[in-house]
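Novice:
There are 4 protein chains.
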Amino acid sequence: MNHHPGLFIPGPTNVPDAVRRAMNVPQEDMRSPDFPKLTLPLFADLKKVFKTQRGQPFIYPSSGTGGWEAVLTNTLNPGDKVLIATFGQFSVLWADMCQRLGFTTEIVDVEWGKGVPLETFADILAADTAHDIKAVLGTHNETATGVTSDVAGMRKVLDAADHPALLFVDGVSSIASIDFRMDEWGVDGIVAGSQKGFMLPTGLAIICVSEKALEAHRSSKFPRCFFAFEDMLRTNKDGYFPYTPATPLLRGLRASLDLLFEEGLENVFARHRHIASGVRAAVSAWGLDLMAKEPKWHSDTVSAVCVPPDVDAVKVLRRAFDRYGVSFGSGLTRLSGKVFRIGHIGATNELMLLGALSVAEMALVDCGAKIALGSGVAAAQSSYCAGESVLAKAA
Amino acid sequence: MNHHPGLFIPGPTNVPDAVRRAMNVPQEDMRSPDFPKLTLPLFADLKKVFKTQRGQPFIYPSSGTGGWEAVLTNTLNPGDKVLIATFGQFSVLWADMCQRLGFTTEIVDVEWGKGVPLETFADILAADTAHDIKAVLGTHNETATGVTSDVAGMRKVLDAADHPALLFVDGVSSIASIDFRMDEWGVDGIVAGSQKGFMLPTGLAIICVSEKALEAHRSSKFPRCFFAFEDMLRTNKDGYFPYTPATPLLRGLRASLDLLFEEGLENVFARHRHIASGVRAAVSAWGLDLMAKEPKWHSDTVSAVCVPPDVDAVKVLRRAFDRYGVSFGSGLTRLSGKVFRIGHIGATNELMLLGALSVAEMALVDCGAKIALGSGVAAAQSSYCAGESVLAKAA
Amino acid sequence: MNHHPGLFIPGPTNVPDAVRRAMNVPQEDMRSPDFPKLTLPLFADLKKVFKTQRGQPFIYPSSGTGGWEAVLTNTLNPGDKVLIATFGQFSVLWADMCQRLGFTTEIVDVEWGKGVPLETFADILAADTAHDIKAVLGTHNETATGVTSDVAGMRKVLDAADHPALLFVDGVSSIASIDFRMDEWGVDGIVAGSQKGFMLPTGLAIICVSEKALEAHRSSKFPRCFFAFEDMLRTNKDGYFPYTPATPLLRGLRASLDLLFEEGLENVFARHRHIASGVRAAVSAWGLDLMAKEPKWHSDTVSAVCVPPDVDAVKVLRRAFDRYGVSFGSGLTRLSGKVFRIGHIGATNELMLLGALSVAEMALVDCGAKIALGSGVAAAQSSYCAGESVLAKAA
Amino acid sequence: MNHHPGLFIPGPTNVPDAVRRAMNVPQEDMRSPDFPKLTLPLFADLKKVFKTQRGQPFIYPSSGTGGWEAVLTNTLNPGDKVLIATFGQFSVLWADMCQRLGFTTEIVDVEWGKGVPLETFADILAADTAHDIKAVLGTHNETATGVTSDVAGMRKVLDAADHPALLFVDGVSSIASIDFRMDEWGVDGIVAGSQKGFMLPTGLAIICVSEKALEAHRSSKFPRCFFAFEDMLRTNKDGYFPYTPATPLLRGLRASLDLLFEEGLENVFARHRHIASGVRAAVSAWGLDLMAKEPKWHSDTVSAVCVPPDVDAVKVLRRAFDRYGVSFGSGLTRLSGKVFRIGHIGATNELMLLGALSVAEMALVDCGAKIALGSGVAAAQSSYCAGESVLAKAA
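Protein sequence lines, in the order shown, are assigned to chains A, B, C and D. Position 9 (the first sequence) corresponds to 9 in full-length UniProt numbering; numbering is contiguous. Position 133 (the second sequence) corresponds to 133 in full-length UniProt numbering; numbering is contiguous. Position 98 (the third sequence) corresponds to 98 in full-length UniProt numbering; numbering is contiguous. Position 286 (the fourth sequence) corresponds to 286 in full-length UniProt numbering; numbering is contiguous.
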């Protein structure tokens, strides 16, 4: 029996006990006079997480996928042209959504392991003198390959081309874990989900849009209702919602935001970097490659590890699960069998990752990898000993 | 201080402790080999709740409103004609959604306090010899007015006109509380939410569609992605989801279904009727009217009580909340000030409702109603003493 | 099925959700450097609850019975003489403990329904010129009969006789619900349990002793170990315990104390009085007697109701439980069949008690009592409407 | 910040989520007709854990220390002679209790790191032809030194001397983790606590006594009340208790017993041995000694690790706590600074211990130990890979 399974996928993440407690509440009247005392500060505090003064956050009882749809259908018109690069399963899915929702979707297919191709985007935007492209979409952190892209660079490219397109970013596996600066980077729509850096269960799409996006919204004729900004704007301003919100998750979000601010956002980012560095040291000690082709693409929330050619990553994953009770992230679609992913996002620490790396090693060895037991762990330990302690940090 | 606030709104409902416990789980890998052991039985058991053999259930991380949208956008084509009657805030909102999504919406405006106008529908359907109407929509239980409509009658009217339109039903505040028979009544799409008869928090849209609806789905060109049946069908059959599901709510749903089946669905319905009868006896003893104009419209899940003309229902609600710590449902839109609603849905018992009626009496009296304290409670007690005990009942 | 059973016994009481949440914690190292941050403030805050500056509180993983034993065995010597009055099952049990532990126990048998007989005590103490009596024991609130005694009066009697005996008080069902003033009343040992006014589950004996009692402790030769003050004194001063403490309950105690202080102790007492007044109004309207013979004995935490002679209280209790899912307190030993008890201690409000009174009425009528349904509830409502709102109160 | 602290002390142990959920219950009436449905099976199932047919289990709201006292004060008479060996802090404390309770206590002082000295006991018992010794006490698992003693051997020694003394065993850190056979070994009193192998929080003393001990009880005149068997025997037989029990812990015990039986007791023992073997392999790879002098004393629930002479174990413990957020067990009294303890008792798995060993390594190295990072982890991994998987095991 395994009373304490290990969860090292890039979301849902390991919810802190304080957040679990906060969600374990009796139901509440979402129309009560007291309800805005909970909700209004949530909206205000989400802006701090997104690093925006002027942005407008929205909270939907939904998932990150719903957040993608909310941003698109509220700001664009049917058939509008969008530009997106694909370099992993989640950017592929967002591009697929654009197509299925009927947008004219220009897709730049990038080698998996790299991120948003700034130069190609620069060329395309420069060429689009008619400004047909209404939105440029970027995946801040591609969860399938462990690749973080340069969102500030996307803004520079847009500015360089003097292009008015909206800039939409998928931050599902980056927000509250990797630095993101909505205002400074001129992002017009950012999408997050509750089950990643917010350290909550799945169930909330948390997005934020710029004033420019809200202006676009006013002329958007896309058919929508559940995700309609207009209903949210009308009710949210007083602390209410157009339909019944997922109150326990809102109570959990309150606790999660408190934890994030208590630690300090910059400390949270540093902690993710510290933990990730140890994981990368281990992978390197194993003599294995990350999917991320260059250090500049390294993700601090998930590492996609390429197994040796004669090892089946599916078997490694299954071994870890069946024999050691640990879940790692699988290689998605074309990466199946070639890659397994170690999630190090949300409420993690060294103890957890060292255990996870130990198990990964055993599962790799059990499946035929020529790796010395303890080698990756030792490298991670060295990295952790050398780094600064992350536990004592508070804002 | 009030450590045990009272919640007597028609949803979210008072979650049983067993369900709360079941939801308090660590996060899980939604791609693990074990995950289908949780999910596949949920789909099978939901069919029992909807009383269908051939229907196809779907579970979305969303709300009832999302369920409305899912049924419409997956089965209809842009501009299709739908027929709906409005007789309360929630039927009004569903009609509004139809219009905003671009469907040609024929609205029959019915006096609030009545339900689906079968004769009018019969006339309209008979006249629609071209079969322009692609879907007929009905609100099984109008939560705003406490009115239950005759869904079997809607089927009869369609059959009498030999009309091929799909029959869609909003069962958000009826499913798992008031008898509903999908197959027998020939319903093509039924929409429920987790936070009512399922005794869970908000966060799941639970719907079920007929084979006929799935056939319509295959020719539906409505732009959609988050709510797309096709993605769900492809993944659900193996117990997985196209995007991260709200696992704690699925664990809660397991517990909730176990409780419903342990009690027995027919016993659950009888319990709701028993509890509601006591509430109606109290209202009658107060000399007040229900919004529901006739006994045939009486809802067993919510009673909308008309306050005396010289009393302000808003003040009654506020008094109950501020002074006695009890939330009742407010009068929505045009009913504001005229009506307050007593929710008696989900996990209720006599103890709870007698307390609620006692507080309602005090709040009414405090706000000027000429009502004898104890009068409504006494009537409810008589009703409860005369009825059959609901506690010992099990399937 | 009954998803929300009613609990109206005089303890364990209905634990507030905030306290339940606070207890749902992972286990902790009771020797960690951080542990005193939890424990030292608990000791300090308990002194506020007991209204003492100089007292020494102790927390045992035990029950109120253990607290009784702790006070006796730590301060007396084998064979010492104690004086106690019995007027209900719990004072009888404490006297029985004194005898079984080998103390010379002078028992004043008082009619059940009355409390500590101050005049008799005065006579006995005056006659004890040799000061053989080493401790005088009093039950502040006799839970079996709903009788509150005059502890300040006991002090006066001792002082009038200029008698040096220690004054020990059983406050299990009074502390944190009914005013108690350790220093002002010169109490040398007070015993409480977690599951009453502290609104926690059973599991902690919470006691406090005076400097005089600690002095007696130093010359006490009673064989003891588990309850030994000396081990607690040595370790508690640094925030630790001589053996593993029940940490979740300590976390719960933190939350409970926070709630008590947030409301304000005087407001907590007033709330209990307000709620109890409504219950007493109901009993009076039923034409029934309380066990408490005179208003001066009325307990604000529990009411023992005498059923009519032709009604069997055992059947009333069983009816309430089987048919309505509500637990009331039974008549203990000689009161069995004659009395049922309504607990109104801890986290209660008007909503709860009105429901409980409604059910009590139904159960009484079902068992043959000639009582008008609604009559008691109406009287309680009148009492509650006339009283001051207790909800908004905070310190 | 550290949202998931590590707890690797030999109790309290890491409570499984299923047990935590089971304890999170509303309070219950401990006199309700339904209560025995919970309690009677608990008593029956505890006998399975103790491997007894004829024994009598008791459950006290207390701690293991209270269990020690219960066994002694219920079966012996004041001044009775007992025989006990001391070889660690917990055997020392039990011997101390014997002395403080006034028993004539013959203490055999054994080198710490060894266990019950069977030969010395044999000599003493053989010499006691007058049978002055009424009870022989043994610590099955000395938590301070990680030493497991041979209880079967104690029985053999008693039988060889044909000595009628009662055999009492402290099984606080062995029961439900290391094999124990009450009937086969002729144990007359066994003491356990909830917070170890039962995987619960502290709060219950769980003991079991033989028919012979109950016979001794009938002639025991020791003054007692809270721990008196006689009150428990009278009430337990119907499923009730003489004073309010700690119901949430009883609910947790139900869940814990279910988990133990689902896994199978022998599988639980094998799992502890498997996990402990890895820890011992790591200590060996570090070149360090265990306190347990020989393999026959090795404990499967806790390993006491001797740090190198030039390293301060107090600093190691503090480093692990402050820098890595992990609690190990400290060296108690004379072992302070020389030893740190790794608890591997209760709901553990390889993932957890590999993380713990990784952190122990880092803390040792940080404090100056000449140990290669990863060396101990590698040894533990080898041990775990070679062993049989413990996860799939069920009864």
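Where is the CB? At the ideal position from N, CA and C, for every residue including glycine. Note that the structure is a prediction, hence the values are computed from the model and not measured.
Round the Cβ separation of glycine 343 of chain D and glycine 11 of chain D to the nearest angstrom and send it over; I've been treating them as touching at under 8 angstroms.
Specialist: Locating residue 343 of chain D in the fourth sequence gives position 343, counting from the first residue. Locating residue 11 of chain D in the fourth sequence gives position 11, counting from the first residue. About 7 angstroms separates the two Cβ atoms, so the contact holds.
Novice: For chain B, find out if any of its Cβ atoms is closer than 8 angstroms to the Cβ of arginine 254 of chain A; answer yes or no.
Specialist: Counted from its first residue, the first sequence places residue 254 of chain A at position 254. Taking Cβ atoms only, chain B never reaches closer than 8 angstroms to arginine 254 of chain A, which makes this a no.
Novice: Tell me, please, whether the CB atom of asparagine 2 of chain A is closer than 8 angstroms to any CB atom in chain D?
Specialist: The residue labelled residue 2 of chain A in the question sits at position 2 within the first sequence. So, interface residue.
Novice: Quick test of the definition: if touching needs 3 or more C-beta pairs under 8 angstroms, does the segment 192-204 of chain A touch the segment 57-64 of chain A?
Specialist: Yes, since at least three Cβ pairs between the segment 192-204 of chain A and the segment 57-64 of chain A fall closer than 8 angstroms, the two stretches touch.
Novice: Would you mind reading off the limits of the alpha helix (DSSP H) that contains alanine 127 of chain D?
Specialist: As a position in the fourth sequence, residue 127 of chain D is number 127, starting the count at 1. Per DSSP, alanine 127 of chain D belongs to the alpha helix (DSSP H) from 118-127.
Novice: Is DSSP giving asparagine 74 of chain B helix, strand or coil here?
Specialist: Position 74 of the second sequence holds residue 74 of chain B. Here asparagine 74 of chain B sits in helix by DSSP.
Novice: Check whether the Cβ of valine 326 of chain A sits closer than 7 angstroms to any heavy atom of the ligand MN, and report yes or no.
Specialist: Absence of the ligand MN is noted for the structure shown, with no ligands found whatsoever.
Novice: Closer than 6 angstroms by C-beta to glycine 376 of chain B: which residues in its own chain qualify, once you throw out the five before and the five after it? Chain order, please.
Specialist: As a first step, residue 376 of chain B must be located in the second sequence, where it is residue number 376. Correct list, in chain order: Ala282, Ala285, Trp286, Leu357 and Glu361.
Novice: Let me know the beta strand (DSSP E) ranges lying completely inside the segment 165-237 of chain C, each 3 residues or longer, listed in chain order.
Specialist: Taking only runs of at least 3 residues, the beta strand (DSSP E) segments lying wholly in the segment 165-237 of chain C are 166-170, 189-193 and 204-209.
Novice: So, with DSSP's three-state summary, where would you put glutamate 262 of chain B?
Specialist: Position 262 of the second sequence holds residue 262 of chain B. Helix.
Novice: Identify the contact partners of arginine 248 of chain D in chain A, using a Cβ-Cβ distance below 9 angstroms as the criterion.
Specialist: Position 248 of the fourth sequence, counting from 1, holds the residue named residue 248 of chain D. Checking the displayed sequence, the identity of residue 248 of chain D turns out to be proline instead of arginine. The contacting residues do not exist; proline 248 of chain D stays about 15 angstroms from chain A at best.
Novice: Sort A:Ser389, A:Ser336, A:Val71 and A:Arg155 by Cα distance to phenylalanine 227 of chain A and report the nearest one.
Specialist: For this step, residue 227 of chain A is matched to residue 227 along the first sequence. Of A:Ser389, A:Ser336, A:Val71 and A:Arg155, the residue nearest in Cα terms is A:Val71.
Novice: Is glutamine 195 of chain D close to chain C, meaning its C-beta is less than 8 angstroms from at least one C-beta of that chain?
Specialist: The residue you call residue 195 of chain D lines up with position 195 of the fourth sequence. Yes, glutamine 195 of chain D lies at the interface with chain C (some Cβ there is under 8 angstroms from its Cβ).
Novice: For the alpha helix (DSSP H) that proline 36 of chain B lies in, which residues bound it at each end?
Specialist: The sequence position of residue 36 of chain B within the second sequence is 36, counting from 1. Run containing proline 36 of chain B: 35-50, per the alpha helix (DSSP H) assignment.
Novice: Flag valine 15 of chain A as yes if its beta-carbon sits less than 8 angstroms from any beta-carbon of chain B, otherwise no.
Specialist: Counting from 1 along the first sequence, the entry for residue 15 of chain A is found at position 15. True, the Cβ-Cβ gap to chain B drops below 8 angstroms.
Novice: DSSP three-state call for leucine 332 of chain A: helix, strand or coil?
Specialist: For the purposes of this step, residue 332 of chain A is identified with residue 332 of the first sequence, where counting begins at 1. The answer is coil: DSSP assigns leucine 332 of chain A none of H, G, I, E or B.
Novice: Out of B:Ile133, B:Gln53 and B:Leu93, point me to the one whose CA is closest to glutamate 142 of chain B's CA.
Specialist: Locating residue 142 of chain B in the second sequence gives position 142, where the first residue counts as 1. The shortest C-alpha separation from glutamate 142 of chain B is found at B:Leu93.
Novice: Looking at the structure shown, is tryptophan 94 of chain A part of a helix, part of a strand, or coil, going by DSSP?
Specialist: For this step, residue 94 of chain A is matched to residue 94 along the first sequence. It is helical.
Novice: Compare the C-beta of leucine 101 of chain B with all C-beta atoms of chain A and state if any pair is closer than 8 angstroms.
Specialist: In the second sequence, the residue the question calls residue 101 of chain B occupies position 101. Leucine 101 of chain B counts as touching chain A.
Novice: How many Å lie between serine 210 of chain D and arginine 155 of chain D at the Cα?
Specialist: Here residue 210 of chain D is taken as the residue at index 210 of the fourth sequence, counted from 1. Here residue 155 of chain D is taken as the residue at index 155 of the fourth sequence, counted from 1. So the alpha carbons of these two residues sit roughly 14 angstroms apart.
Novice: Could you tell me the alpha carbon to alpha carbon distance between threonine 333 of chain C and lysine 315 of chain C, rounded to whole angstroms?
Specialist: Along the third sequence, read from residue 1 onward, the residue named residue 333 of chain C stands at position 333. Along the third sequence, read from residue 1 onward, the residue named residue 315 of chain C stands at position 315. Whole-angstrom Cα-Cα distance: 16 angstroms.
Novice: Helix, strand or coil: how does DSSP classify tryptophan 112 of chain D here?
Specialist: In the fourth sequence, counting from the first residue as 1, residue 112 of chain D sits at position 112. Tryptophan 112 of chain D: strand per DSSP, three-state reduction.
Novice: Buried or exposed for glycine 79 of chain C, please, with buried defined as at least 16 other CB atoms from any protein chain shown within 10 angstroms of its CB.
Specialist: One-based indexing of the third sequence puts residue 79 of chain C at position 79. Flag for glycine 79 of chain C reads exposed.
Novice: Going by DSSP, what residue range makes up the alpha helix (DSSP H) through residue 397 of chain B?
Specialist: Nothing can be reported for residue 397 of chain B, as the shown portion of chain B is limited to 1 through 395.
Novice: Measuring alpha carbon to alpha carbon, tell me which of C:Pro295, C:Met291, C:Glu262 and C:Leu265 ends up nearest serine 277 of chain C.
Specialist: In the third sequence, the residue the question calls residue 277 of chain C occupies position 277. That would be C:Pro295, whose Cα lies nearest to the Cα of serine 277 of chain C.
Novice: May I ask you to list the residues that DSSP assigns as paired with asparagine 267 of chain A?
Specialist: Against the first sequence, residue 267 of chain A aligns to sequence position 267. For asparagine 267 of chain A, which the question treats as bridged, DSSP gives no partner whatsoever.
Novice: Verify the CB distance criterion: does proline 26 of chain C have a CB-CB separation below 8 angstroms to chain A?
Specialist: Here residue 26 of chain C corresponds to residue number 26 of the third sequence, with the count starting at 1. Cβ-Cβ to chain A under 8 angstroms: yes for proline 26 of chain C.
Novice: Which two residues bound the contiguous beta strand (DSSP E) that contains tyrosine 243 of chain A?
Specialist: One-based indexing of the first sequence puts residue 243 of chain A at position 243. No beta strand (DSSP E) contains tyrosine 243 of chain A, which DSSP labels as neither H nor E.
Novice: Can you tell me where the beta strand (DSSP E) holding cysteine 306 of chain D begins and where it ends?
Specialist: As a first step, residue 306 of chain D must be located in the fourth sequence, where it is residue number 306. Element bounds for cysteine 306 of chain D: 302-306.
Novice: Quick one: measure Cβ to Cβ for alanine 152 of chain B and isoleucine 175 of chain B, integer angstroms, because I've assumed they're closer than 8 angstroms.
Specialist: Translated into the one-based positions of the second sequence, residue 152 of chain B becomes position 152. Translated into the one-based positions of the second sequence, residue 175 of chain B becomes position 175. Their Cβ separation, rounded to whole angstroms, is 15 angstroms, which puts alanine 152 of chain B and isoleucine 175 of chain B out of contact at 8 angstroms.
Novice: What residues are listed by DSSP as bridge partners for asparagine 2 of chain D?
Specialist: Residue mapping note: residue 2 of chain D aligns to position 2 of the fourth sequence, counting from 1. Asparagine 2 of chain D is not bridged to any residue.
Novice: State the Cα-Cα distance for the pair aspartate 45 of chain B and valine 15 of chain D, rounded to the nearest angstrom.
Specialist: On the second sequence, residue 45 of chain B is found 45 positions in, with the first residue counted as 1. On the fourth sequence, residue 15 of chain D is found 15 positions in, with the first residue counted as 1. Distance between the alpha carbons of aspartate 45 of chain B and valine 15 of chain D: 32 angstroms.
Novice: To the nearest angstrom, how far is the alpha carbon of proline 245 of chain C from that of alanine 304 of chain C?
Specialist: Taking the first residue of the third sequence as position 1, residue 245 of chain C is located at position 245. Taking the first residue of the third sequence as position 1, residue 304 of chain C is located at position 304. Distance between the alpha carbons of proline 245 of chain C and alanine 304 of chain C: 35 angstroms.
Novice: Below 7 angstroms between beta carbons is the criterion; list the residues of the segment 282-298 of chain A that meet it against any residue of chain D, in chain order.
Specialist: Within the segment 282-298 of chain A, no residue qualifies.
Novice: Are there 16 or more other CB atoms within 10 angstroms of the CB of glutamine 381 of chain C, so buried, or fewer, so exposed?
Specialist: Taking the first residue of the third sequence as 1, we reach residue 381 of chain C at position 381. Counting Cβ neighbours within 10 Å, glutamine 381 of chain C comes out buried, since at least 16 surround it.
Novice: For the segment 294-326 of chain A, list every residue whose C-beta sits within 8 angstroms of some C-beta in chain D, in sequence order.
Specialist: Answer set for the segment 294-326 of chain A: Asp322, Arg323, Tyr324, Gly325 and Val326.
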